[in-house]
Every structure is written in structure tokens, then in C-alpha cells.
Amino acid sequence: MEVLFELPDLQSAEVLEPSEVDPQELCKEQYASRKGMIGPFGLQALASIDQTERTTISFRIYRVGDEYKCLMISDQTR
85 MEVLFELPDL QSAEVLEPSE VDPQELCKEQ YASRKGMIGP FGLQALASID
135 QTERTTISFR IYRVGDEYKC LMISDQTR
């Protein structure tokens, strides 16, 4: 599967200091449902044949130094 998202304005991405943040902790804090500058946006993966079990996969874009990083989150509490 290939998914393509168009993001026209990355300059507004939130700054993330990787030495201060643990991505796994962000997921535990229901981070996927908090609104950010770019995200969350994402898709739902169907996990059963009858399409009753769905997993939401969210993405958020951050600026880390001079680069941009994408954090992929699956909020297990939802």
C-alpha cells in the first residue's frame, strides 16, 4: 500500500527537541488526538475481514533542527 499526503506549508511545523521527548511516551499520552500545527492526520487500517476492528494511524510533522520528522502514532486508548 502507498499513501501520499500533500503538505504545502511545512514552515509552520512544531519544533521538537528529540533529546527531551520520547516518541513512545507521546503515544501513551493520547498524543494522536491533540491538535498540532501539522496534524494529526492519518488513516484507518481495517484489521478484520468484517471491517469491525479498525486501527487509527495518525501522523504529525515536526521540525527538528533543519530537518522535518514525521511521528507515526497509534493511540491504543481509542
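Residues in the sequence shown are numbered from 85 upward in steps of one, following our numbering.
Positions of the beta carbon are idealized from the N, C-alpha and C atoms, including for glycine.
Here the structure is a predicted model, which is why all the values come from computation and not from measurement.
inquiry  = Taking the beta carbon of residue 124 as the centre, do at least 16 other beta carbons fall within 10 Å, making it buried, or is it exposed?
reply    = buried
request  = Please indicate yes or no: does the CB of residue 150 lie closer than 7 angstroms to some heavy atom of the ligand FMN?
outcome  = Here there are no bound small molecules, and the ligand FMN is not part of this structure.
query = What is the residue span of the beta strand (DSSP E) that residue 85 lies within?
reply = Taken as a continuous stretch (DSSP letters only), residue 85 belongs to no beta strand (DSSP E), as it is neither H nor E.
key: Boundaries (first-last residue) of the beta strand (DSSP E) holding residue 141   = 138 to 148
inquiry  = Just to confirm the assignment, what range does the beta strand (DSSP E) spanning residue 135 have?
reply    = Element bounds for residue 135: n/a, residue is neither H nor E.
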